[in-house]
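Working notes for the structure below.
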Amino acid sequence: MTRADTLLNTKLYVPQPRAGIVPRLRLIEQMNNGSKSKLTLISAPAGYGKTTLVSDWIQQTGIPVAWLSLDEHDNDLARFLIYFVTALRQVDENIGGDVLAALDAPQLPQAEILLTLLINDISASGNQVSLVLDDCHLITNQEIYDALDFLITHQPPEMHMVIVGRVDPLISLSRLRVGRKLTEIRSSDLRFTNKETKAFLNGLMNLD
Numbered sequence: 005m006t007r008a009d010t011l012l013n014t015k016l017y018v019p020q021p022r023a024g025i026v027p028r029l030r031l032i033e034q035m036n037n038g039s040k041s042k043l044t045l046i047s048a049p050a051g052y053g054k055t056t057l058v059s060d061w062i063q064q065t066g067i068p069v070a071w072l073s074l075d076e077h078d079n080d081l082a083r084f085l086i087y088f089v090t091a092l093r094q095v096d097e098n099i100g101g102d103v104l105a106a107l108d109a110p111q112l113p114q115a116e117i118l119l120t121l122l123i124n125d126i127s128a129s130g131n132q133v134s135l136v137l138d139d140c141h142l143i144t145n146q147e148i149y150d151a152l153d154f155l156i157t158h159q160p161p162e163m164h165m166v167i168v169g170r171v172d173p174l175i176s177l178s179r180l181r182v183g184r185k186l187t188e189i190r191s192s193d194l195r196f197t198n199k200e201t202k203a204f205l206n207g208l209m210n211l212d
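This note's numbering applies: residue 5 is where the sequence shown begins, and numbers increase by one.
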């Protein structure tokens, strides 16, 4: 039995959008435009509909998306990388096989070596893939953020990453902003507009 065999598969499921949600077409369009950048960051406190927005975007666009719901137990670098690679393999099983084998070895190779193998696999596949990391605020291990920084810096054009959380991740966001490789959706964007408020009160709540 390998470490990958002990993963909780439900952490890799894309949540289904709730029934009766207010259409957020402006945010869906923003995410569509952001998919051309390296990273889309959705950062806001609890209750702002971050996960709902991303799951609705996935359903509407029909693009291939790998999903990983994070929790506090994923702060071990090896465990995080196994989940990360396994999530990508839900979209393309040709990605990351050698990386998983290396992660199952008694001695963990350097993270940059593993990520280089992974980046090369994604590039060689030629397939477009987006990967969503949900609840990223539960990750506090700087080693993991350093690995994400390396990956985002060198990720091929076939890959796009979406990070969802209540606080900003500990990666080099300023460098991505300067390079115009970052799309940000924050509390001010997630708040209802007047039109969306009317749709909620009149359409969903049946109020006048």
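All residues carry an ideal CB built from backbone N, CA and C; glycine is no exception.
Here's the rule: buried if 16 or more other CB atoms are within 10 angstroms of the residue's CB, otherwise exposed. What is L178? Here the question's residue 178 lines up with position 174 in the sequence shown. Inspection of the sequence shows that residue 178 is occupied by Ser rather than by Leu. Flag for S178 reads exposed.
| said: Tell me the rounded alpha-carbon separation between Q20 and S59. | reply: Position 16 of the sequence shown, counting from 1, holds the residue named residue 20. Position 55 of the sequence shown, counting from 1, holds the residue named residue 59. Whole-angstrom Cα-Cα distance: 6 Å.
Compute the distance between the beta-carbons of D139 and V168, then report whether it is under 8 Å. Locating residue 139 in the sequence shown gives position 135, counting from the first residue. Locating residue 168 in the sequence shown gives position 164, counting from the first residue. Taking 8 Å as the Cβ cut-off, D139 and V168 qualify as a contacting pair.
- Message: Taking contact to mean 3 or more Cβ pairs, one atom from each stretch, closer than 8 Å, check whether the region 105-122 and the region 43-63 are in contact.
- Response: Short answer: they don't touch.
Quick one: grab the DSSP three-state call for S73. Residue 73 sits at position 69 when you count from the first residue of the sequence shown. In the structure shown, S73 adopts extended strand secondary structure according to DSSP, grouped into three states.
Next item on the list: Classify Y87 as buried or exposed, calling it buried when 16 or more other Cβ atoms lie within 10 Å of its own Cβ.
Entry: Position 83 of the sequence shown holds residue 87. Buried.
Could you check if V171 is buried or exposed, using at least 16 other CB atoms within 10 Å of its CB as the buried criterion? Residue mapping note: residue 171 aligns to position 167 of the sequence shown, counting from 1. V171 should be labelled exposed.
ask   = In terms of alpha-carbon separation, which member of R83, V95, L152 and N37 lies closest to R184?
value = Here residue 184 corresponds to residue number 180 of the sequence shown, with the count starting at 1. The shortest C-alpha separation from R184 is found at N37.
Opening and closing residue of the alpha helix (DSSP H) in which E147 lies
Translated into the one-based positions of the sequence shown, residue 147 becomes position 143. Unbroken alpha helix (DSSP H) run through E147: Q146 to H158.
What are the complete beta strand (DSSP E) segments, minimum 3 residues, inside the region 57-106?
Those beta strand (DSSP E) runs which fall completely within the region 57-106 and span 3+ residues are 69-73.
>> Looking at the strands, I want to know which residues DSSP matches up with R190.
In response: To locate residue 190, count along the sequence shown from 1; it is residue 186. DSSP, once it has assigned bridges, lists S47 as partnering R190.
*How should R93 be labelled, buried or exposed, when 16 other C-beta atoms within 10 angstroms of its C-beta is the threshold for buried?*
The residue given as residue 93 occupies position 89 in the sequence shown. Under this definition R93 is a buried residue.
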